[in-house]
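Here my numbering is used: the first residue of the sequence shown is 1, the next is one more, and so on. Where is the CB? At the ideal position from N, CA and C, for every residue including glycine. Comments concern the structure below.
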Amino acid sequence: MLRWLGFMFFTGGAAILATWLADRPGTVKIEWEGWGVDTTVGVVLVLIAIFSIAVSLVYQGFLLLRRMPGKISASWRNSRREKGYKALTRGMVAVAAGDAGEARRNADRVSQILNDPPLSMLLSAQAAQLNGDEEAAEQFFKEMTKTKDTAFLGFRGLFNQAMKRKDYKVAFELASKAYQGNPKSSWVAEAFLKLQMRHGIWREAINTHNDMLRNNLLNSKEANHFQSALYYQLAIQSLDSGDKLSAKTDLKASIKKNPGFVPGIVELAKLFLVDGKKQKVAKLIEKAWSINPHPDLAKLYGKTCGSGEKIDQLKHFEKLIIRNSDHLESRIVKARALINAKFWGEARKVLIKETGELVDQDFRAYCMLAELEEKEHGDHKASRKWLDAANKIPQGPLWICRNCGNAVPEWSSFCASCESFNAFVWQHPRHISSNSNGIPLAKNLFTEQKENEAADIEAAQTFSSDNAVTEKNKEQNDQQNAR
1 MLRWLGFMFF TGGAAILATW LADRPGTVKI EWEGWGVDTT VGVVLVLIAI FSIAVSLVYQ
61 GFLLLRRMPG KISASWRNSR REKGYKALTR GMVAVAAGDA GEARRNADRV SQILNDPPLS
121 MLLSAQAAQL NGDEEAAEQF FKEMTKTKDT AFLGFRGLFN QAMKRKDYKV AFELASKAYQ
181 GNPKSSWVAE AFLKLQMRHG IWREAINTHN DMLRNNLLNS KEANHFQSAL YYQLAIQSLD
241 SGDKLSAKTD LKASIKKNPG FVPGIVELAK LFLVDGKKQK VAKLIEKAWS INPHPDLAKL
301 YGKTCGSGEK IDQLKHFEKL IIRNSDHLES RIVKARALIN AKFWGEARKV LIKETGELVD
361 QDFRAYCMLA ELEEKEHGDH KASRKWLDAA NKIPQGPLWI CRNCGNAVPE WSSFCASCES
421 FNAFVWQHPR HISSNSNGIP LAKNLFTEQK ENEAADIEAA QTFSSDNAVT EKNKEQNDQQ
481 NAR
């Protein structure tokens with residue numbers, strides 16, 4: 001459309017100019033050294049136009065000849081670069097497919113064709129690793145660290161090699177250098193943090209974690225929970241060195257980050273108990289109970305009661321229970337306190353509904369019902385029935401690793417199975433049931449008895465059997481006396 005309009009304007013302009021010249025005829029006379037030329041104005045204008053076009057064509061031809069070598073050279077380079085990148089692509093595909101020979105061949109082609117050592121070194125390093133030649137790969141990675149654009153990839157390659165051979169000292173040094181060069185890289189920051197934790201450099205780990213949070217590499221809520229565990233480890237380190245004051249400060253920081261962090265609350269409560277600050281312990285645990293009830297908190301809360309009378313302990317525990325009365329742990333605590341105070345009927349109401357069903361299908365509830373039958377009625381048969389039922393359901397809650405499902409009775413910062421940090425959560429295991437091979441059973445939370453639940457059940461069963469034999473012997477003696 002535009003070309004057509006341009007053509008029309010040009011044609012119209014030429015027609016107007018021709019008409020204008022026809023209406024105004026004139027002559028042009030040129031004389032030079034005896035020569036003379038007479039012609040019209042129109043002819044002169046046509047000759048000027050032809051001359052201009054000829055000059056333009058000659059100039060364009062000159063430019064074309066001048067640029068021809070450069071274009072030929074550029075075309076050759078582009079063709080060569082295209083071949084090089086195709087070889088690089090095939091090499092990367094070979095690396096992904098695990099074809100070491102093909103990767104090596106393409107790495108050589110890339111090195112020959114492309115004048116880009118970093119790219120060829122990266123492919124060569126990966127090809128060497130596929131061939132099992134870690135020394136050659138290491139040399140390539142070291143060369144890459146000397147170039148600014150590939151230093152990061154070089155450090156990462158060397159880091160992965162160090163981690164593979166479990167040389168954590170070298171891995172830490174490499175991660176530190178990589179972090180200094182690129183602190184906003186999620187991979188670098190995470191690797192550096194993990195190695196700081198592995199080396200027990202908890203204060204530095206907290207600083208790195210704060211940097212990650214500022215660089216938007218972490219979710220704020222998850223970061224608080226993670227940092228709570230970091231402060232806890234720092235506190236334990238202070239305790240090991242005998243610095244209780246710093247330990248208390250770090251534990252308070254841990255609880256501030258995560259008010260429901262049971263391990264931190266337990267450790268701080270123990271330190272307060274050593275100082276004789278029972279009221280502080282009670283307030284600390286009551287606040288935590290409203291967020292995250294746990295048996296360890298209840299056990300420590302029992303030590304804050306000033307009286308040894310069972311009825312006073314029951315009243316004391318009511319202050320704790322009311323903080324989270326609908327929670328399973330609160331019902332377990334209440335039932336235990338009622339049993340200790342010998343309020344059998346009230347304890348039974350806490351554990352069993354009016355329909356006869358258990359309020360909570362919890363292993364500890366079954367064991368307490370067995371204890372009730374034994375203590376209230378002396379009914380060994382009914383007690384054994386509850387114990388048998390307890391052995392058929394999953395045991396009470398444990399610390400479960402979110403990543404691998406490892407179940408342990410005591411919290412630890414690292415999972416022994418998968419080495420995850422701060423991965424344990426307190427919950428009922430899905431696929432673990434009680435047995436006679438060491439999985440703990442019911443435990444009295446408010447006495448100083450420290451036997452595990454399996455031993456308790458075994459003792460109860462033995463006690464029941466002995467009583468049955470004793471009663472049978474007594475009946476025989478009574479019959480003989482009657483005779």
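Asked                                                                                                                                : Found
Below-8 angstroms beta-carbon distance, Asp296 vs any chain C residue                                                                : Absent here is chain C; the protein component of the structure consists of one chain.
Boundaries of the alpha helix (DSSP H) in which Glu135 is found, first to last residue                                               : 134-144
Buried/exposed call for His209, threshold 16 Cβ in 10 Å                                                                              : buried
Candidates Gln395, Leu251, Ser56, Ile339, of which the one nearest Leu230 by Cα                                                      : Leu251
Ile291 versus Gly302 - alpha carbon distance                                                                                         : 19 angstroms
Beta-carbon contacts of Thr145 that lie in its chain and below 8 angstroms, excluding the five residues immediately before and after : Ala151, Gly154, Phe155, Leu158
Trp35: CB within 7 angstroms of a non-hydrogen atom of the ligand FMN                                                                : Ligands in the displayed structure: none, and consequently the ligand FMN is not present.
Supposed close pair Thr40, Thr19 - CB separation, criterion 8 angstroms                                                              : No, Thr40 and Thr19 are not in contact; Cβ-Cβ is about 15 angstroms, not under 8 angstroms.
Own chain, CB closer than 6 angstroms to Ala365, minus 5 neighbours either side, in chain order                                      : Leu351, Leu358
At least 3 beta-carbon pairs within less than 8 angstroms: the region 257-274 vs the region 228-248                                  : yes
For Trp28, three-class secondary structure by DSSP                                                                                   : Position check: residue 28 holds Val in this sequence, whereas Trp was assumed. Three-state result, Val28: strand.
Contact the region 197-216 vs the region 387-403: 3+ CB pairs below 8 angstroms                                                      : no
CA-to-CA distance, Asn258 to Thr304, given in whole angstroms                                                                        : 23 angstroms
Start-end ranges of the alpha helix (DSSP H) lying completely within the region 186-240, minimum 4 residues                          : 186-198, 202-214, 220-240
Cβ neighbour criterion (16 or more within 10 Å) applied to Met212                                                                    : buried
Asp38 - containing alpha helix (DSSP H), residue span                                                                                : Where Asp38 is concerned, there is no enclosing alpha helix (DSSP H), although the beta strand (DSSP E) it sits in stretches over 35-40.
Presumed contact (8 angstroms Cβ cut-off) between Leu271 and Ile285, rounded CB distance                                             : The Cβ separation is near 13 angstroms, so there is no contact.
Gln361 versus Asn182: straight-line alpha-carbon distance, rounded                                                                   : 52 angstroms
Beta-carbon gap between Leu174 and Ala162 smaller than 8 angstroms                                                                   : yes
Straight-line gap, His380 to Cys367 (C-alpha atoms, nearest Å)                                                                       : 13 angstroms
Whole-angstrom distance between Asp312 and Val274, CA atom to CA atom                                                                : 23 angstroms
Straight-line Cα distance separating Leu64 from Ile72                                                                                : 12 angstroms
Distance, Glu410 Cα to Ala125 Cα                                                                                                     : 45 angstroms
DSSP-derived helix/strand/coil call for Val359                                                                                       : coil
For His294 and Val262, believed in contact at Cβ under 8 angstroms, the rounded distance                                             : 5 angstroms
Ile53 in three-state terms, based on DSSP                                                                                            : helix
Alpha-carbon to alpha-carbon, Ala191 and Lys310                                                                                      : 53 angstroms
Cβ-based burial, Arg109 [other Cβ within 10 Å; buried from 16]                                                                       : buried
Continuous alpha helix (DSSP H) stretch holding Gln161: start and end                                                                : 151-164
Contact set for Asp38: own chain, Cβ-Cβ below 7 angstroms, skip 5 residues either direction                                          : Thr27, Lys29
Helix, strand or coil at Trp399 [DSSP, three-state]                                                                                  : strand
Bridge partner(s) assigned by DSSP for Ala288                                                                                        : None, per the DSSP bridge assignment.
Own chain residues within Cβ distance below 8 angstroms of Gln129, not counting five before or after                                 : Ala137
6 angstroms CB neighbourhood of Ser186 in its chain, flanking five on each side removed                                              : Leu217
As assigned by DSSP and simplified to three states, the class of Phe317                                                              : helix
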